[in-house]
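In case it helps, the working numbering puts the sequence shown at residues 89 to 830.
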Amino acid sequence: MKLTFPKEEYPSKTLEKIGFGRRQCRVCGRFFWSKFPRDYCDDDECRVKLGLPAYGFLGKPMGKKLNYDECWKTFVSVFRKFGHTPIKRYPVLARWRDDVTFVEASIYDFQPYCVSGEVEPPANPLLVPQFCLRFNDLENVGVTGRHYSGFIMVGQHVFNRPGNFIYFKDEALGYLFELFTEGMGIPEENIFLHEDAWEGGGNAGPSIEFFVGGIELANQVYMQYKVLQDETGEKKLVELETKVIDMGAGLERFPWVLNGTKTSYEVVFPEALKYLENTKLSFKEKVILADHTRTLFIALFDGALPSNTGGGYNLRKILRQCFSILRKTGEKVDLVELMKIHSNWKIFPELKKADFKLIADIILEEEKKYKEMIAQGIQIVKKTEKFDLETLRRLYESNGITPEIIKDIKPEVEIPADFYAAREKKKERAASGEVFDTKGLPDTEKRYYEGETKGVAKVLRVIGDYVVLDRTVFYPRSGGQDCDLGLLNKHKVLEVIKQGNIVLHKIDIGVFDMATCPDHPGKCGLKEGTPVEMKVDKARRLQLTQHHTGAHIINGACRRVLGAHAQQAGAEKTVEKAHLDIYHYKKVTDEEVEEIERLANQCIHDGLDVIGKCMCRTDAEQKYGFEIYQGGAVPGKEIRTIRIGQLKEGGADKIDDWDAEACGGLHLKNTREAELIIITGVKKIQDAITRIEFVAGAAARRYAGRMEAALKECADVLGCPEDKVFEESEKLFEEWKGARKK
């Protein structure tokens, strides 16, 4: 059931001060505020039902004739006057979150930690021009005049924490109202303020929607409640400690209303549409190319890649829609040139630094895949008669033929809406491991970050064959790094895991003589409250840290060889070997592998410092950027960063960073300690993800020894020097092929 709020929950004090009265719409029944009495709200559906045009501003500009960029400047000038700090947009690829792929609203930038009050925002209050991606209304792009796959949501955000109250409802509405009237020049009588309620993410609050001429320009949410359920299952609202102003305004709509153009696209994409004006494309097709290339360009710039999984599926989908338009019309439009036009956007000057050589290569690779898919799809689709949901899924999963390609070949095929809904859902994470009762236990003091490998601790609890200590030198399995092993007293530690902030040590109970442990039959034999001596296997610890630091070294090398998009997609570090999964759009060549390995070993040779430091999340993001979330989102208000770089004298500040990541693993102190890195294999494990297998340190020396022994054995078998093995093997192979033909 939708939440509703009484009049008192809205900023009525300010509304009455500006001379607005509360009315009720005779069509939809909702309450709204306006300058003069009226019995219908300004929603386009209500207007149409009363015989009015959906939009009253078409051909009738309602304010100052500002262009797209000038509208943003007006936001800045008005809100800066009220103490707001304009900040840079966040990347569209939401690496800091594990529940979404792309940013869909400006508040995403600050969820969950700023909204919950755990972490200070980068400024407070603030204004952000956040580029957002939404793929749920693609069929409306170029049709309605207002839909986009990517758009700017201007965010007005305030985080009122206990002891630091800034402003709330009445001031928030007053500032936004001044933007509309004095900033944008919109007459008060053309502004209609609709009462609404917002709920999401377990929070809720009243909201005011700003309508002008039948279209919503902004929605100001007063997030002040946590939503709970009482004993009867009814919703119960509890006051939040941190009260948030979350105003989102679609920037593209402002110049549309102010200029009264036929659609918003003319004022948002003037240069792109001019570039396309001499083509045979329809207006809708021109808009789709302009919109989709802008969305793709910013996503690629921020490190996202088209693929057949996750959010990459949507990027590939809109790129293939561009290819489809060009294939059907026969037009030769350079999509990269369109992206270069978008790079001149004054609101986002950083886009001028885009690597267009890399972007062109990505587009070329995608075009090759599209053409191959069309050629393959024509044959399969022609033979298929039924196109229900199950058939569409089978064609996609078995043959890689997307619904878009099917519709490209057979336009009459209807694509079930739930196909896209299923693709949009993020895979639920499988529950991992056993859950232990650690209630009432304090957080384990983690001494492994200090490099300690031995010490004395107190037993706090024994849970079967698991032991919880007050402190530990044993690193638990985490972040793809295997755990430490060793001894507790004389008893083997078989596994170390972490549950929340508590570390559990699994003991080999088979080593105990039960006659000597009468108090703990079937358990590990260690008594709660007694001291225990800890001793870590140092050789294992060193090898694991060599592999973990090695993964960071290779990560830095990959970005230098393949491009900034080559971010970590996953990793595993064991004693025997390690691997790093990276995002890349095509096969990594042998020459690129050699260069990655060469740079990695150069990094080792240069002896760069490896510095671990706990930092406030916001400080770390501002200093290193969101690329620090290489291995995915990291929980907590503080994050541990690992930097590999050369320091100035005195060790104060960096000169240059080879790599900087949020990481909870164990690392070396200097890259020289990694000794040697050998890449043992490279393979594509899924679309747009490549796995680099490697060994470092002692494991690398052992691997090199095995390879040398194998080479010597081959040379002995072939009866040739070691440097002639390849040549002799080829000769032998040719002789074998010749013998088979006889």
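Think of the CB as a built atom: it goes at the ideal place given N, C-alpha and C, for glycine as much as any other residue. Being a predicted model, the structure only gives us computed values, none of them experimental.
Taking contact to mean at least 3 C-beta pairs separated by less than 8 angstroms, is the stretch 169-184 in contact with the stretch 206-223?
yes
Closer than 8 angstroms by C-beta to residue 768: which residues in its own chain qualify, once you throw out the five before and the five after it? Chain order, please.
665, 781, 782, 783, 791
If I follow the unbroken beta strand (DSSP E) through residue 286, where does it start and stop?
279-288
Less than 9 angstroms between CB atoms is the rule here; does residue 474 satisfy it with respect to chain C?
No chain C appears in the structure shown, which is made up of a single protein chain.
Under DSSP, the alpha helix (DSSP H) around residue 395 begins and ends at which residues?
Looking at the DSSP string, residue 395 is not in any alpha helix (DSSP H), and its letter there is neither H nor E.
Expressed to the nearest angstrom, what Euclidean distance is found between the alpha-carbon atoms of residue 73 and residue 111?
Outside the displayed span of the chain (89 to 830) sits residue 73, for which this structure offers no information.
What does DSSP give as the partner residues of residue 664 in its beta bridges?
Partner(s): none; residue 664 has no beta bridge.
Going by DSSP, what residue range makes up the alpha helix (DSSP H) through residue 479?
477-487
Count the other CB atoms, across all protein chains shown, that sit within 10 Å of the CB of residue 821; report buried if there are 16 or more and exposed otherwise.
exposed
Grab me the residues of residue 214's own chain with a C-beta within less than 7 angstroms of its C-beta, minus the 5 sequence neighbours each way, in chain order.
172, 173, 175, 245
Just to confirm my understanding: we take residue 762, look at its own chain, exclude 5 residues before and 5 after, and list those with CB closer than 8 angstroms. What are they?
634, 637, 638, 641, 692, 756, 784, 785
Can residue 724 be considered in contact with the ligand MG, in the sense that its beta carbon sits closer than 8 angstroms to one or more heavy atoms?
Because no ligand of any kind appears in the structure shown, any question about the ligand MG cannot be addressed here.
Check each candidate in 247, 395, 228 and name the one with the smallest Cα separation from residue 203.
247
First and last residue of the alpha helix (DSSP H) that includes residue 466?
444-471
Where do the ends of the alpha helix (DSSP H) carrying residue 293 lie?
First-last for residue 293: 291-300, but that is the beta strand (DSSP E), not the alpha helix (DSSP H).
What beta strand (DSSP E) runs, 3 residues minimum, are completely inside the stretch 611-686?
619-624, 656-661, 666-671
So, using beta-carbon positions, are residue 258 and residue 99 closer together than 9 angstroms?
Going by C-beta atoms, residue 258 is nearer than 9 angstroms to residue 99.
I think residue 619 touches residue 544, with their Cβ atoms under 8 angstroms apart; what is that distance to the nearest whole Å?
That pair is a contact at about 5 angstroms.
Going by DSSP in three states, residue 343 sits in which element: helix, strand or coil?
The DSSP-derived three-state label of residue 343 is helix.
Taking the alpha-carbon positions, what's the residue 450 to residue 318 distance?
53 angstroms
Taking 9 angstroms as the threshold (C-beta atoms), are residue 536 and residue 624 in contact?
Residue 624 is a Cβ neighbour of residue 536, given a cutoff of 9 angstroms.
What residue range is occupied by the uninterrupted alpha helix (DSSP H) comprising residue 545?
Residue range 542-551 is occupied by the beta strand (DSSP E) that includes residue 545, with no alpha helix (DSSP H) assigned at that position.
Can you name, in chain order, every residue of its own chain whose Cβ lies under 6 angstroms from the Cβ of residue 250, other than the five neighbours on each side?
329
I'd like to check one pair, residue 764 with residue 689: are the Cβ atoms closer than 9 angstroms?
yes
Please report the Cβ distance between residue 732 and residue 698, rounded to the nearest whole angstrom; I am assuming they are in contact, meaning their Cβ atoms lie under 8 angstroms.
Yes, they are in contact, since the Cβ atoms of residue 732 and residue 698 sit about 5 angstroms apart, within 8 angstroms.
How many angstroms separate the CA atom of residue 187 from the CA atom of residue 219?
18 angstroms
For residue 701, which residues in the same chain have their Cβ closer than 6 angstroms to its Cβ, ignoring the five residues on either side in sequence?
Counting only Cβ-Cβ distances below 6 angstroms, and skipping sequence neighbours, we find 729.
Do residue 285 and residue 103 have their C-beta atoms within less than 9 angstroms of each other?
no
With DSSP collapsed to three states, give me the class of residue 750.
strand
Taking the beta carbon of residue 162 as the centre, do at least 16 other beta carbons fall within 10 Å, making it buried, or is it exposed?
buried
Could you check whether residue 273 and residue 307 sit closer than 9 angstroms to each other, using their CB atoms as the reference points?
Contact annotation: residue 307 and residue 273 have beta-carbon atoms that are not nearer than 9 angstroms.
Got a sec? Which residues, its chain only, sit under 8 angstroms from residue 164 by beta carbon, not counting five neighbours each side?
174, 215
Kindly confirm or deny that the stretch 458-467 and the stretch 488-507 touch, where touching means at least three C-beta pairs closer than 8 angstroms.
yes
Here's the rule: buried if 16 or more other CB atoms are within 10 angstroms of the residue's CB, otherwise exposed. What is residue 773?
exposed
Which whole-angstrom value describes the C-beta separation of residue 184 and residue 721, a residue pair presumed to lie in contact below a C-beta threshold of 8 angstroms?
Their Cβ separation, rounded to whole angstroms, is 6 angstroms, which keeps residue 184 and residue 721 in contact under 8 angstroms.
Span of the alpha helix (DSSP H) holding residue 363?
That run of the alpha helix (DSSP H) goes 358-363.
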